[in-house]
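Asker: Residue numbers for the sequence shown follow this note's numbering, so the first one is 69 and each next one is one higher.
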Amino acid sequence: YVFPEPALLISAEREDRRQVMLHHYQMIRDALLYCMGDPDGDQFALTAQQWRDVLQGKLSAQGKAGSKAEKRTVTIENILGPAIRACGLDIGQINFPADIRNIPPTTRNRARELTWELGELNFRYELLALD
Numbered sequence: 069y070v071f072p073e074p075a076l077l078i079s080a081e082r083e084d085r086r087q088v089m090l091h092h093y094q095m096i097r098d099a100l101l102y103c104m105g106d107p108d109g110d111q112f113a114l115t116a117q118q119w120r121d122v123l124q125g126k127l128s129a130q131g132k133a134g135s136k137a138e139k140r141t142v143t144i145e146n147i148l149g150p151a152i153r154a155c156g157l158d159i160g161q162i163n164f165p166a167d168i169r170n171i172p173p174t175t176r177n178r179a180r181e182l183t184w185e186l187g188e189l190n191f192r193y194e195l196l197a198l199d
């Protein structure tokens, strides 16, 4: 997927987990849009599991050496890292994963806006891919 599936943002059963995912998406949203400005934007596509990891705050290499989790996070860092740095952010300094106690709550209306936006963006890029 070029962008996370919209359901990932709102499907978590626990409210605190949903808030973390919404917060992380909002933190990297500009970097994701920057990626899509690249003529080779489809190179930034991630699997559903990789997007889940990103939204949970796993942007840099984590996990036991050689494990699937570690390989996924290395791939994520290699794909999204340049775009995040191009937006003036440093992966090591953007507080990923964010501490739930320090996350400002995302309102229900804002969550709806973000979910709609993701659906629309995914649709647009799927349509472009068909062209």
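All C-beta atoms, glycine included, are put in the ideal place defined by N, C-alpha and C.
Would you mind working out which of Lys139, Leu196 and Asp98 sits nearest Ala151, comparing C-alpha positions?
Answerer: Locating residue 151 in the sequence shown gives position 83, where the first residue counts as 1. For the residues Lys139, Leu196 and Asp98, the minimum Cα distance to Ala151 belongs to Asp98.
Asker: Taking the alpha carbon of Gln87 as the point to measure from, which residue in Gln117, Gln124, Leu114 and Phe191 has its own alpha carbon closest?
Answerer: Taking the first residue of the sequence shown as 1, we reach residue 87 at position 19. Here the closest residue by C-alpha is Gln124.
Asker: Spatial neighbours of Thr183 within its chain, please: CB distance less than 7 Å, with the 5 preceding and 5 following residues excluded, ordered by chain position.
Answerer: Taking the sequence shown and counting its residues from 1, the one referred to as residue 183 is at position 115. For Thr183, where only same-chain residues beyond five positions count, the Cβ hits under 7 Å are Pro74, Leu77 and Ile78.
Asker: Give the DSSP-derived three-state secondary structure of Glu145 in the structure shown.
Answerer: Against the sequence shown, residue 145 aligns to sequence position 77. Helix, per DSSP.
Asker: Verify whether the separation of the beta carbon atoms of Cys155 and Tyr102 is less than 8 Å.
Answerer: In the sequence shown, counting from the first residue as 1, residue 155 sits at position 87. In the sequence shown, counting from the first residue as 1, residue 102 sits at position 34. Cβ atoms of Cys155 and Tyr102: closer than 8 Å.
Asker: Assuming Thr141 and Asp121 form a contact by the criterion Cβ under 8 Å, report the distance between their Cβ atoms to the nearest whole angstrom.
Answerer: Numbered from its first residue, the sequence shown carries residue 141 at position 73. Numbered from its first residue, the sequence shown carries residue 121 at position 53. Between Asp121 and Thr141 the Cβ distance is about 6 Å, and since that is below 8 Å, they are a contact.
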